[in-house]
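Worksheet: one structure, shown below.
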Amino acid sequence: MQQYTEPISRLIKAFAGLPGIGEKTASRLALYVLNAKGGYADELSAAIGDLKEKVMLCRECISFADGETCGICNDPARDASMVCVVSDYKDLIALEAAGSYRGRYHVLHGQLAPLKGVGPDEIKVVELVERVRAGGIEEIVIATAFDADGETTALYLKKVFAGSDVRLTRIAAGIPMGGHIEFMDGSTLGRALQGRQEA
Ligand SMILES: [Zn+2]
Numbered sequence: 000m001q002q003y004t005e006p007i008s009r010l011i012k013a014f015a016g017l018p019g020i021g022e023k024t025a026s027r028l029a030l031y032v033l034n035a036k037g038g039y040a041d042e043l044s045a046a047i048g049d050l051k052e053k054v055m056l057c058r059e060c061i062s063f064a065d066g067e068t069c070g071i072c073n074d075p076a077r078d079a080s081m082v083c084v085v086s087d088y089k090d091l092i093a094l095e096a097a098g099s100y101r102g103r104y105h106v107l108h109g110q111l112a113p114l115k116g117v118g119p120d121e122i123k124v125v126e127l128v129e130r131v132r133a134g135g136i137e138e139i140v141i142a143t144a145f146d147a148d149g150e151t152t153a154l155y156l157k158k159v160f161a162g163s164d165v166r167l168t169r170i171a172a173g174i175p176m177g178g179h180i181e182f183m184d185g186s187t188l189g190r191a192l193q194g195r196q197e198a
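Per numbering that gives the first Met the number 0, the sequence shown starts with residue 0, numbered consecutively.
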């Protein structure tokens, strides 16, 4: 990276830190920003600056929000008795894009991964337990991934809520083993929600 002048190589390094971006692409992006017209660089820098400052966690579902609570939790048309548990925000977006789910969510911000040292304290489980304790939730739909960590997380949730009045279901039909929610198409996700089974 010796050939680039410092501010450019700094941006290249920042872009190269993004997932799926190699050094070549990072260089191309940085030079694009440098040459872009119409205030693009300012808009990019403002958007990135706002990200950490203006995005917070919804105090209900722990999803990303631009206020104390998110748009879904604020929507009176959404069924508050049903909570779909997803491992991350990308999965919530995928389920919303599928368009068939009318309940609310809970975002764990991770999945249990004992071998990688991710235990219950590292994901947002306590918050879910507190929500259930506060009352009003009748069904928890577990929509963690169908891989080892997702299954471990689903089993753990089952254990946590065993003996409570809450009905626990797991989305099922059409999700292949090892499947990740975010990569499912809308109709598959719709069927998976419809076909959910007792966990
Ligand atoms: Zn929310």
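The C-beta atom is built at its ideal place from N, Cα and C for all residues, glycine as well.
Classify LYS123 as buried or exposed, calling it buried when 16 or more other Cβ atoms lie within 10 Å of its own Cβ.
buried
Straight-line Cα distance separating LYS23 from MET0
Summary for MET0: the model assigns pLDDT 45, below 50, so the residue's position carries little reliability; its value from the coordinates is reported in the next sentence. So the two alpha carbons sit approximately 10 Å from each other.
Using 10 angstroms around the beta-carbon of VAL140, count the other beta-carbons present and answer buried if the total reaches 16, otherwise exposed.
buried
Comparing alpha-carbon positions, which option in THR168, SER62, ALA40, ASP184 lies nearest GLY98?
ASP184
For HIS179, which beta-bridge partners are listed by DSSP?
HIS179 pairs with nothing; no bridge assigned.
Hey, how far is the Cα of ASP196 from the Cα of ALA171?
As written in the sequence, residue 196 is Gln, which differs from the Asp given in the question. In a straight line, the C-alpha of GLN196 is about 7 Å away from that of ALA171.
Report the residue ranges of all beta strand (DSSP E) runs contained in full by the segment 120-172; include only those spanning at least 3 residues, in chain order.
138-141, 166-169
Beta-carbon proximity list for THR152, same chain, < 6 Å, skipping 5 on both sides
GLN110, LEU111, THR143
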